[in-house]
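Asks: In my numbering, the protein residues as written are 584 to 705.
Yeah, the Cβ is synthetic: ideal placement off N, Cα and C, and Gly gets one too.
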């Protein structure tokens, strides 16, 4: 698509789009909080979080622990450790605030999808 040299799109600027007025052989890279927050709250990411939560909730008729193990297997190919299991159980078991747009499972799926372990291969 076309890029305006006078008015660069804010989304492109957020993700280190190079200055259209200057040539450059290398693109600078930054990792800033705004990038992750934008991605986490984007319509696409929220839709994926809802789909993942729905999948885990519907395909596993088991208890909460079984469902937590399943989401970890789907995303990370491993079981959660005791601390992760405790955090997940505590979070998902809490009552959802009335103003929340996502269920507890959807919120938890959103956090896991945005985790470094999911986004990067070590």
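How about residue 677 and residue 628: are their beta carbons less than 8 Å apart?
Replies: No.
Asks: Mind checking whether residue 636 and residue 672 have CB atoms under 8 Å apart?
Replies: Cβ atoms of residue 636 and residue 672: not closer than 8 Å.
Asks: For residue 702, does the count of other Cβ atoms within 10 angstroms reach 16, so buried, or fall short, so exposed?
Replies: Residue 702 should be labelled exposed.
Asks: Looking at the structure shown, is residue 669 part of a helix, part of a strand, or coil, going by DSSP?
Replies: Of the three classes helix, strand and coil, the one that applies to residue 669 here is helix, per DSSP.
Asks: The ligand FMN heavy atoms versus the CB of residue 636: any closer than 7 Å?
Replies: Annotation note on the ligand FMN: not contained in the displayed structure, which lists no ligands.
Asks: Can you round the beta-carbon distance between residue 631 and residue 696 to whole angstroms, since I take them to be within the 8 Å contact cut?
Replies: Right, the Cβ-Cβ distance comes to about 6 Å (below 8 Å), so this counts as a contact.
Asks: Can you list, in chain order, the residues of its chain whose CB lies under 6 Å from that of residue 654, leaving out five sequence neighbours each side?
Replies: Correct list, in chain order: 639.
Asks: Helix, strand or coil, according to DSSP, for residue 661 in the structure here?
Replies: Residue 661: coil per DSSP, three-state reduction.
Asks: Evaluate residue 663 with the Cβ neighbour count: other Cβ atoms within 10 Å of its Cβ, from every protein chain shown; 16 or more gives buried, anything less gives exposed.
Replies: The residue in question, residue 663, is buried, as its Cβ has 16 or more Cβ neighbours within 10 Å.
Asks: Excluding the five sequence neighbours on either side, which residues of its own chain have a C-beta within less than 7 Å of the C-beta of residue 682, listed in chain order?
Replies: Excluding positions up to five away in sequence, the list is empty.
Asks: Helix, strand or coil: how does DSSP classify residue 699 here?
Replies: Residue 699 falls in the helix class under three-state DSSP.
Asks: Determine the extent of the alpha helix (DSSP H) in which residue 633 is found, giving its start and end residues.
Replies: 626–642 is the extent of the alpha helix (DSSP H) around residue 633.
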